[in-house]
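I have placed the structure first, in the form of structure tokens, so that the comments after it can refer back to it.
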Amino acid sequence: MPRTAATKFFKNSPAEPDDLAALRAELDRIDDGLYELLAHRGEVVVRLAASVRKGPVALRPGREAAIIRRLIGLRTGPLDALAVVRIWRELFAATTALQGEHAIAVADADPDLAYVQIAREHFGALTPLRRRKTAAEALAEVREGTVSAAVLPLPTEEENSSAPWWTTLLPDAETAAFSGVARLHIVTLLPFWALPRPEGAPSLGALVVCSVEPDPSGVDRSLLSLEVPAGTSPGQLTEELLGHGFRAGPALLHREAGRDLAQALVEVDGFVTDADPRLEAMRTGDRRSFVLGAYAVPIAGHSL
């Protein structure tokens, strides 16, 4: 086991394998040590929050993902990777709550509350969740500052809407202004523990949107919104992106009647910002291009 500040609580156990009382005493000693470390971690988080410029929320999903990946890389012994994810997700939830009021809006019309379950899995068992019927209602709460973030269904081609929720993250075409007091960003793909999903856990996906810019985790993907000629196919868009140096995944196209340009949502590898020169090269004529956000690539347990 790598040597850390916690090592002193776990080494040189005096208990014999068949000495039940001694083993229980050893577990108590370990629990005491864990609590001391958790309390100290909470104190450091409070000091850190006081030392940085205050933002609207305390979410740092990229850093959280990087921490979990690092700890899984250190893992030894019988504790499996999924347990590490669960423990640290609850720890992040508890320390986020130390930094101020914190609630999550969840757009969930599913009768089984699948999106609420996914949000609870990621943001913690005791984090307040506000269920909303539509993505628009959940996003409105983020813009009003009454919640830290919104959990929204993944965009699909079948969305029956004149304005899919992801298009509302774009600036106004005429004024170039963003709706609400702050620009919103996609920052997380859920669930973070992607495969295999535990029995009974929802298998559908969701995106997290908040008013804080995404932060890189080291292994990321970005979501771009691109204006393209209305007749463009997803395959043509993928080829264009490849020509500009992007490795692209699936693309969605939203077309409006009477418009010469369609709005495309496409996933690309890496952490991309609006200042990326590859993106700038695609802004030709009236075509606008924006980064809607980025997220840490979820963990696949079978590949660890």
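Residue numbers (this note's numbering): -5 to 298. Here a beta-carbon is modelled for each residue, glycine too, at the ideal position from N, C-alpha and C.
Expected contact under 8 Å - CB spacing of residue i and residue j to nearest Å
i: residue 98; j: residue 79; result: About 18 Å; that fails the 8 Å criterion.
i: residue 261; j: residue 243; result: 4 Å
i: residue 278; j: residue 256; result: Residue 278 to residue 256, Cβ: 15 Å. No contact.
i: residue 202; j: residue 245; result: Residue 202 to residue 245, Cβ: 21 Å. No contact.
i: residue 69; j: residue 75; result: 6 Å
i: residue 87; j: residue 117; result: 6 Å
Option in the options with minimal Cα separation from residue i
i: residue 289; options: 217, 129 and 112; result: 217
i: residue 199; options: 89, 291 and 38; result: 291
i: residue 160; options: 282, 280, 129 and 15; result: 129
i: residue 35; options: 117, 253 and 90; result: 90
i: residue 84; options: 268, 213, 204 and 120; result: 120
i: residue 92; options: 33, 266 and 149; result: 33
i: residue 267; options: 258, 247, 253 and 214; result: 214
i: residue 271; options: 230, 280 and 284; result: 284
i: residue 158; options: 293, 87 and 219; result: 219
i: residue 210; options: 14, 27, 56 and 25; result: 56
i: residue 187; options: 72, 23 and 77; result: 77
i: residue 192; options: 30, 17 and 294; result: 294
i: residue 162; options: 228, 122 and 259; result: 259
i: residue 151; options: 28, 228 and 189; result: 228
Check whether residue i and residue j have beta carbons under 9 Å apart
i: residue 223; j: residue 179; result: no
i: residue 100; j: residue 145; result: yes
i: residue 126; j: residue 135; result: yes
i: residue 185; j: residue 195; result: yes
i: residue 241; j: residue 264; result: yes
i: residue 149; j: residue 109; result: no
i: residue 164; j: residue 286; result: yes
i: residue 82; j: residue 107; result: no
Residue burial classification, residue i (beta-carbon count within 10 angstroms, cutoff 16)
i: residue 105; result: exposed
i: residue 138; result: exposed
i: residue 45; result: exposed
i: residue 38; result: exposed
i: residue -3; result: Confidence in residue -3 is poor, its pLDDT being 44 and thus under 50, which makes the residue's placement unreliable; the coordinate value appears in the next sentence. Result: exposed.
i: residue 58; result: buried
i: residue 113; result: buried
i: residue 28; result: exposed
i: residue 14; result: exposed
i: residue 280; result: exposed
i: residue 273; result: buried
i: residue 102; result: buried
(Q) Using 8 Å as the cut-off, can you tell me whether the stretch 85 to 97 makes contact with the stretch 51 to 58, which would need three or more C-beta pairs spanning the two stretches below that distance? (A) yes
Three CB pairs or more closer than 8 Å across the stretch 234 to 242 and the stretch 175 to 194: no
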